[in-house]
Amino acid sequence: MPAERDHQKTPRRSAARDRLLATATRLFYSVGIRAIGVDRVIEEAQVTRVTFYRHFPGKEDLVCAYLQAEDQRIRELVSSGAAATGDPAGAMNMLIEGIGQEICAPGFRGCPFINAAAEYPDPQSSVHRAVLTHRAWFHGAVAEALRTGGHPDPFYGADLVMALRDGAMVAGYLGDSGTAVSSFSRAARSLIAA
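Numbering (this note's numbering), first residue to last: 12 to 205.
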């Protein structure tokens with residue numbers, strides 16, 4: 012799958028690329044991807060148009076880099092959480108807590124992957140494929156934690172955790188974040204205990 016290969020590529024690093032990506036991350040998440048043009052990213056990152064195109068052939072490439080950076084950030088959090096707890100139940104509890112903290116964080120505007128999928132609904136889009144790549148990995152990580160924890164049906168359990176998480180992300184943005192976190196936490200913990 013091309014999005015999976017894209018995830019494996021190591022981008023050319025530079026201070027300008029880092030500024031572009033940090034600026035895009037802030038703007039795409041806080042305002043929306045389609046609402047932000049390349050010119051605004053270039054201006055706020057304080058780079059030239061030539062510098063932008065040296066690092067990203069187009070906006071969609073920048074959007075994919077943003078999602079891949081978010082994907083990597085989440086993978087590292089899950090990995091470090093699993094290593095810190097040393098047991099599947101502890102890792103799942105840490106994951107549930109982490110999702111809750113994210114939902115209650117200042118400036119929370121929903122899941123960046125759900126937001127991107129809503130703005131790029133075409134399944135052939137490289138952005139949409141980057142979202143699906145992240146979701147497949149996350150589902151697999153949850154299923155593996157459930158499997159090693161002895162859950163009787165880890166893949167179905169992961170389906171349920173994903174649905175609960177997605178719902179909590181939307182509810183946390185649109186409604187009371189505390190209620191969303193409490194509901195998610197109780198439901199996810201009940202599922203894990205099953």
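All C-beta atoms in this analysis are idealised placements derived from N, C-alpha and C, irrespective of residue type, glycine included.
Quick caveat, the model's predicted, so the values are computed rather than measured.
Rounded separation between residue 74 and residue 65 - CA only:
15 angstroms
Using 8 angstroms as the cut-off, can you tell me whether the stretch 51-59 makes contact with the stretch 79-96, which would need three or more C-beta pairs spanning the two stretches below that distance?
no
For the alpha helix (DSSP H) containing residue 115, name the first residue and the last one.
99-115
Test item: CB-CB of residue 141 and residue 78 under 8 angstroms:
yes
Give the secondary structure of residue 136 by DSSP, where H, G and I count as helix, E and B as strand, and everything else as coil.
Residue 136 falls in the coil class under three-state DSSP.
Tell me the start and end of each unbroken alpha helix (DSSP H) in the stretch 121-191 that is at least 4 residues and wholly inside, in chain order.
Positions of the alpha helix (DSSP H) runs, each at least 4 residues long and wholly inside the stretch 121-191, are given as 123-130, 137-159 and 165-185 in order along the chain.
By the three-class DSSP mapping on this structure, what secondary structure does residue 31 have?
helix
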